[in-house]
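Colleague: From first to last, the protein sequence lines are chains A and B. Sequential numbering of the first sequence, starting at 5, is according to our numbering. Sequential numbering of the second sequence, starting at 5, is according to our numbering.
Protein chains: 2
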Amino acid sequence: MEKVKSIKEIARLAGVSTATVSRVINQNGRFSKETEERVRRIIRQTEYVPNMSAKGLRTNRTRVVGLVVPDITNPHFSSLVLKLEMNFFEHGYSCLICNTNESEKLERKHIHTLSAQNVSGIVLISGTRNYSELDDVPVIYVDRPSRSQNSSGVMIESDNEEGGYLATQELLNAGCRHLVILKCLSSDTNQFSRYRGFQRALAEHGIEEDPHLYVDLPEVSSEKARNAITWLLEQNFHFDGIMCTTDTIAAGALIALREHGLSVPEDVLVTGFDDSQLAISCGPGITSVHQDVSKMAQLATGLLLEMICGKMPKQTYYQLPVYLEVRASTRR
Amino acid sequence: MEKVKSIKEIARLAGVSTATVSRVINQNGRFSKETEERVRRIIRQTEYVPNMSAKGLRTNRTRVVGLVVPDITNPHFSSLVLKLEMNFFEHGYSCLICNTNESEKLERKHIHTLSAQNVSGIVLISGTRNYSELDDVPVIYVDRPSRSQNSSGVMIESDNEEGGYLATQELLNAGCRHLVILKCLSSDTNQFSRYRGFQRALAEHGIEEDPHLYVDLPEVSSEKARNAITWLLEQNFHFDGIMCTTDTIAAGALIALREHGLSVPEDVLVTGFDDSQLAISCGPGITSVHQDVSKMAQLATGLLLEMICGKMPKQTYYQLPVYLEVRASTRR
DNA sequence: TTGAAAGCGCTAACAG
DNA sequence: CTGTTAGCGCTTTCAA
Numbered sequence: 005m006e007k008v009k010s011i012k013e014i015a016r017l018a019g020v021s022t023a024t025v026s027r028v029i030n031q032n033g034r035f036s037k038e039t040e041e042r043v044r045r046i047i048r049q050t051e052y053v054p055n056m057s058a059k060g061l062r063t064n065r066t067r068v069v070g071l072v073v074p075d076i077t078n079p080h081f082s083s084l085v086l087k088l089e090m091n092f093f094e095h096g097y098s099c100l101i102c103n104t105n106e107s108e109k110l111e112r113k114h115i116h117t118l119s120a121q122n123v124s125g126i127v128l129i130s131g132t133r134n135y136s137e138l139d140d141v142p143v144i145y146v147d148r149p150s151r152s153q154n155s156s157g158v159m160i161e162s163d164n165e166e167g168g169y170l171a172t173q174e175l176l177n178a179g180c181r182h183l184v185i186l187k188c189l190s191s192d193t194n195q196f197s198r199y200r201g202f203q204r205a206l207a208e209h210g211i212e213e214d215p216h217l218y219v220d221l222p223e224v225s226s227e228k229a230r231n232a233i234t235w236l237l238e239q240n241f242h243f244d245g246i247m248c249t250t251d252t253i254a255a256g257a258l259i260a261l262r263e264h265g266l267s268v269p270e271d272v273l274v275t276g277f278d279d280s281q282l283a284i285s286c287g288p289g290i291t292s293v294h295q296d297v298s299k300m301a302q303l304a305t306g307l308l309l310e311m312i313c314g315k316m317p318k319q320t321y322y323q324l325p326v327y328l329e330v331r332a333s334t335r336r
Numbered sequence: 005m006e007k008v009k010s011i012k013e014i015a016r017l018a019g020v021s022t023a024t025v026s027r028v029i030n031q032n033g034r035f036s037k038e039t040e041e042r043v044r045r046i047i048r049q050t051e052y053v054p055n056m057s058a059k060g061l062r063t064n065r066t067r068v069v070g071l072v073v074p075d076i077t078n079p080h081f082s083s084l085v086l087k088l089e090m091n092f093f094e095h096g097y098s099c100l101i102c103n104t105n106e107s108e109k110l111e112r113k114h115i116h117t118l119s120a121q122n123v124s125g126i127v128l129i130s131g132t133r134n135y136s137e138l139d140d141v142p143v144i145y146v147d148r149p150s151r152s153q154n155s156s157g158v159m160i161e162s163d164n165e166e167g168g169y170l171a172t173q174e175l176l177n178a179g180c181r182h183l184v185i186l187k188c189l190s191s192d193t194n195q196f197s198r199y200r201g202f203q204r205a206l207a208e209h210g211i212e213e214d215p216h217l218y219v220d221l222p223e224v225s226s227e228k229a230r231n232a233i234t235w236l237l238e239q240n241f242h243f244d245g246i247m248c249t250t251d252t253i254a255a256g257a258l259i260a261l262r263e264h265g266l267s268v269p270e271d272v273l274v275t276g277f278d279d280s281q282l283a284i285s286c287g288p289g290i291t292s293v294h295q296d297v298s299k300m301a302q303l304a305t306g307l308l309l310e311m312i313c314g315k316m317p318k319q320t321y322y323q324l325p326v327y328l329e330v331r332a333s334t335r336r
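1) Taking the straight line between their C-alpha atoms, what separation do you get for Tyr145 of chain A and Gly157 of chain A?
2) Give the single residue among B:Thr63, B:Phe93, B:Arg62 whose Cα lies nearest to the Cα of Ala302 of chain B.
3) Report yes or no: is there a C-beta of chain B within less than 8 Å of the C-beta of Met56 of chain A?
4) Following the continuous alpha helix (DSSP H) through Asn231 of chain B, name the residue where it begins and the one where it ends.
5) Taking beta-carbon pairs under 7 Å, can you tell me which members of the stretch 79-95 of chain B lie near chain A?
6) Give me the chain A residues within the contact set of Asp147 of chain B, using Cβ-Cβ distance strictly less than 7 Å, ordered along the chain.
7) Let me check one thing: in DSSP terms, what residues is Tyr145 of chain A bridge-paired to?
8) So what's Leu324 of chain B in DSSP terms, helix, strand or just coil?
9) Can you find the residues in the same chain that come closer than 7 Å, C-beta to C-beta, to Glu137 of chain B, ignoring five residues on each side of it along the sequence?
10) In terms of residues, what are the limits of the alpha helix (DSSP H) holding Met4 of chain B?
11) So which residues of chain A does His242 of chain B contact, with C-beta pairs closer than 7 Å?
12) Could you spell out the range, first to last residue, of the alpha helix (DSSP H) harbouring Gly167 of chain A?
13) Whose C-beta lies closer than 6 Å to the C-beta of Gln281 of chain A among residues of the same chain, with five residues either side of it excluded?
14) Under 9 Å, CB to CB, which of the residues in the stretch 283-294 of chain B have a partner in chain A?
15) Have a look at A:Val68, A:Ala18, A:Glu212 and flag the residue whose alpha-carbon is nearest the alpha-carbon of Met56 of chain A.
16) At the 8 Å Cβ level, is Ser21 of chain B part of the contact set with chain A, yes or no?
17) So, for Val72 of chain B: in the same chain, excluding its five sequence neighbours on each side, which residues have a beta-carbon less than 8 Å away from its beta-carbon?
18) What is the C-beta distance between Gly276 of chain A and Cys248 of chain A, in whole angstroms, given that I count them as a contact (C-beta under 8 Å)?
19) CA-CA distance, Val293 of chain B and Asp214 of chain B?
20) Give a yes or no on contact between the stretch 309-327 of chain B and the stretch 156-175 of chain B, applying the rule of three or more CB pairs nearer than 8 Å.
21) Along the stretch 255-286 of chain B, what residues have a CB closer than 8 Å to any CB found in chain A?
22) Is the number of C-beta pairs between the stretch 223-236 of chain A and the stretch 251-260 of chain B that are closer than 8 Å three or more?
23) Which of the three DSSP states, helix, strand or coil, is assigned to Ser191 of chain A?
24) Can you tell me whether Phe277 of chain A sits near the ligand MG, meaning its C-beta is under 7 Å from at least one heavy atom of the ligand?
25) Near Tyr327 of chain A, which residues of its chain fall below 6 Å by C-beta distance, leaving aside the five closest residues on each side in sequence?
26) Would you report the Cα separation of His95 of chain B and Glu238 of chain B, rounded to the nearest angstrom?
27) With a cut-off of 8 Å, does the C-beta of Gly60 of chain A fall near any C-beta of chain B?
28) Tell me whether the beta-carbon of Asp75 of chain A lies closer than 8 Å to the beta-carbon of Glu106 of chain A.
29) Could you name the residues of chain A that Leu128 of chain B contacts, counting a contact when the two beta carbons are closer than 8 Å?
30) Could you check the C-alpha separation between Ser190 of chain B and Val143 of chain A for me, to the nearest Å?
31) Please work out which residues of its chain come closer than 8 Å, Cβ to Cβ, to Ser26 of chain A, disregarding the five sequence neighbours upstream and downstream, and give them in chain order.
32) Just to confirm the assignment: which complete beta strand (DSSP E) runs, minimum length 3, are found wholly within the stretch 236-275 of chain A?
33) Tell me which same chain residues have a C-beta within less than 8 Å of the C-beta of Arg200 of chain B, skipping the five on either side of it?
34) With a threshold of 8 Å between beta carbons, is Ile76 of chain A in contact with chain B?
35) On the premise that Val53 of chain A lies in contact with Ile14 of chain A, defined as a C-beta separation below 8 Å, what is that separation, rounded to the nearest angstrom?
Given below as structure tokens:
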């Protein structure tokens, strides 16, 4: 049987009206058992696939959501995206993926495109959130708190401050007294939250922060991290622990240490953040702050679907707990 | 100025017909300089965003492509997807991301959905390729050769056999004589190609393959790899090198070796495949086969866009060269 | 250079 | 329970 592209042909073949076919497909309205049977059979035989453009035009609901992330290459984001995509697909939604590469300009363009695509909703990982295009699209903000005032929409994030605190605690409890903080100088505010956790732990232990051991990387990259640690070592700055705000950064730090003949955890202790594949497989295994990505994805999916159906959730801010996954890099 | 959602309102505001507005937007047909100017101004002021559903319905071209990958969490795929997405976006195309999780059923559903979404084209990483839904959609097959007969569409892959050969060569040249081959038993045929390269290198050196040292993992996971190596060690099988068909697998192998007090590369040499972040940051640094992902993405994008425009490329098969990135894991 | 109008495939009143 | 019909926003003849 030849292929068929419209509901009209199905209607003709089944000897009913297009309205009936539509009803059967969408389980709307009532129809006799036998009509349904007949229509379904024709649909199966003709391998008919409904046209989503037409449906989207008519109903203004596309069953497509946008996923805006900084960089899918980052393991933390890729596992988040994987879970989001699978959850959404289970509920009949497809996902447009948008990498902003941390560029505001690119992000703006993506938002614009998503709005043109008439997406049903958006999951947005971004520090910015004053896009007028998004006024009438449900949005879930994930992972990065907003820097702007307008706070409509739902926000989900990990307790980054606590994560920074836990990691630093671990280092201090193991006896470290001269801690490097290796973070990224980005607009991304949760880098800063992790740093605040670092400071809190230091303060509790009555330890002064050493400004020489505070390093801001221009970007999250193991190469930059490696260079930074190399530089510190060559300047003969003394330190016995490194708190990294990311596993990628921690991995770079490990390389530099190894290259300079230093052992982890014998000479220097290291902590990462995200508990990614990298933390598991790197060097001796990196102690890392675990974020509950599954929970994040599950919450985001559930809430966004609710919002798409018109229900505004009562709770609009979620902070997910974190815990420390201890590995060899801090085990003396 | 209030928001505007249709070309009709733009037309009214500009005092022209909808046809003219459409022409201006698409740079179609002719119109006076001043009409254009006026229309453009209105569009800017009203922040008008064209409705892609309507456009898609009318033209049958959605400017959306589907990216079907096994698992975006795999660094090799995530960097491929990143590059594909950015290339396509530069050309005005958005990307639907579909994780098949290596499940044929899920893959089939995704293909079906993509077809319903009326995508302009598809980049498909899959061993299967007999989907009747895809008969009239341009498709680029990437990374995994087809197992089926029907070979319409364009195929791009790395020279996996050569990669396996190079890695094995490296181990043999370093003096290894008892090689473990740690691969994944998947439908994915390039795992097998890498293994064939392994066999070729062995044959050239006149070395017999040891069946005890042939390991098929049920899935690509560092955990499974770790268990496998642990098991080999506990069975007291002797080996001095491990050829892994994936960096993830190599990372797992390293963990097992470390746990048993074995040093890399002093006691055992290890090679990976993909030259991912993991290879760079893991253990001592893993020697790994580098695939030219950028080139792959660039080719795929270019060819698919051509096909979308109706040109069938003359060359329908591309094999990309690989090279060995040597790191500490094989440096004695 | 511009406008009028048909129609892409679908859904949702409304009428029967 | 089912059919008729209007129209979503856009492009594209055809005519002016």
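Beta carbons are placed, not taken as given, at the ideal position from N, Cα and C, and that holds for glycine.
Modeller: With the given structure in hand:
1) Your numbering for residue 145 of chain A matches position 141 in the first sequence. Your numbering for residue 157 of chain A matches position 153 in the first sequence. Computed Cα separation, rounded: 7 Å.
2) Stepping through the second sequence from its first residue, residue 302 of chain B is reached at position 298. Note on residue identity: the sequence assigns Gln, not Ala, to residue 302 of chain B. Checking every option, the nearest Cα to that of Gln302 of chain B belongs to B:Phe93.
3) For this step, residue 56 of chain A is matched to residue 52 along the first sequence. Answer yes: the Cβ-Cβ gap between Met56 of chain A and chain B drops below 8 Å somewhere.
4) For the purposes of this step, residue 231 of chain B is identified with residue 227 of the second sequence, where counting begins at 1. It spans 226-238 - the alpha helix (DSSP H) in which Asn231 of chain B sits, taken as one unbroken run.
5) Ser82, Ser83, Val85, Leu86, Glu89, Met90
6) Indexing the second sequence from 1 puts residue 147 of chain B at position 143. Those do not exist, as Asp147 of chain B stays about 17 Å from chain A at its closest Cβ, beyond 7 Å.
7) For this step, residue 145 of chain A is matched to residue 141 along the first sequence. Bridge partners of Tyr145 of chain A: A:Leu128, A:Met159.
8) Taking the second sequence and counting its residues from 1, the one referred to as residue 324 of chain B is at position 320. It is a strand residue.
9) One-based indexing of the second sequence puts residue 137 of chain B at position 133. The residues are Ile115, His116, Ser119.
10) No answer is possible for residue 4 of chain B: the residues shown for chain B start at 5 and end at 336.
11) Walking along the second sequence from the start, residue 242 of chain B turns up at place 238. The contacting residues do not exist; His242 of chain B stays about 25 Å from chain A at best.
12) Taking the first sequence and counting its residues from 1, one reaches residue 167 of chain A at position 163. Looking at the DSSP string, the run of the alpha helix (DSSP H) that includes Gly167 of chain A is 164-177.
13) By one-based count along the first sequence, residue 281 of chain A stands at place 277. So the list reads Pro79, once near-sequence residues are dropped.
14) Ile284, Ser285, Cys286, Gly287, Pro288, Gly289
15) The count along the first sequence starts at 1 and reaches residue 56 of chain A at position 52. Checking every option, the nearest Cα to that of Met56 of chain A belongs to A:Val68.
16) As a working mapping, residue 21 of chain B is identified with position 17 in the second sequence. With 8 Å as the cut-off, Ser21 of chain B does not count as an interface residue toward chain A.
17) Along the second sequence, read from residue 1 onward, the residue named residue 72 of chain B stands at position 68. Excluding residues within five positions, the ones whose Cβ falls inside 8 Å are Cys102, Thr104, Glu111, His114, Ile115, Leu118, Ile126, Val127, Leu128, Ile129, Ser130.
18) The sequence position of residue 276 of chain A within the first sequence is 272, counting from 1. The sequence position of residue 248 of chain A within the first sequence is 244, counting from 1. That belief holds up - the Cβ atoms of Gly276 of chain A and Cys248 of chain A are roughly 5 Å apart, short of 8 Å.
19) As a working note, residue 293 of chain B is residue 289 in the second sequence. As a working note, residue 214 of chain B is residue 210 in the second sequence. Going from the Cα of Val293 of chain B to the Cα of Asp214 of chain B covers about 23 Å.
20) yes
21) Ala255, Gly256, Leu258, Ile259, Arg262, Gln281, Leu282, Ile284, Ser285, Cys286
22) no
23) Sequence index remark: in the first sequence, residue 191 of chain A carries index 187 (1-based). Ser191 of chain A: coil per DSSP, three-state reduction.
24) Looking at this structure, you won't find the ligand MG or any other ligand, since it has none at all.
25) One-based indexing of the first sequence puts residue 327 of chain A at position 323. Within the same chain, Tyr327 of chain A has close Cβ partners His294.
26) Stepping through the second sequence from its first residue, residue 95 of chain B is reached at position 91. Stepping through the second sequence from its first residue, residue 238 of chain B is reached at position 234. One C-alpha to the other measures close to 55 Å.
27) Position 56 of the first sequence holds residue 60 of chain A. By this cut-off, Gly60 of chain A is an interface position.
28) The count along the first sequence starts at 1 and reaches residue 75 of chain A at position 71. The count along the first sequence starts at 1 and reaches residue 106 of chain A at position 102. Yes, these two residues count as a Cβ contact at 8 Å.
29) Position 124 of the second sequence, counted from the first residue, corresponds to residue 128 of chain B. Within 8 Å Cβ-Cβ: nothing; Leu128 of chain B doesn't reach chain A, min ~15 Å.
30) By one-based count along the second sequence, residue 190 of chain B stands at place 186. By one-based count along the first sequence, residue 143 of chain A stands at place 139. Distance between the alpha carbons of Ser190 of chain B and Val143 of chain A: 38 Å.
31) Within the first sequence, residue 26 of chain A is the residue found at index 22, counting from 1. Here the set comprises Ile11, Asn32.
32) 245-248
33) Against the second sequence, residue 200 of chain B aligns to sequence position 196. Same-chain partners within the cutoff: Glu165, Gly168.
34) Position 72 of the first sequence, counted from the start, is the residue given in the question as residue 76 of chain A. So yes, Ile76 of chain A belongs to the interface.
35) Walking along the first sequence from the start, residue 14 of chain A turns up at place 10. Walking along the first sequence from the start, residue 53 of chain A turns up at place 49. Their Cβ separation, rounded to whole angstroms, is 11 Å, which puts Ile14 of chain A and Val53 of chain A out of contact at 8 Å.
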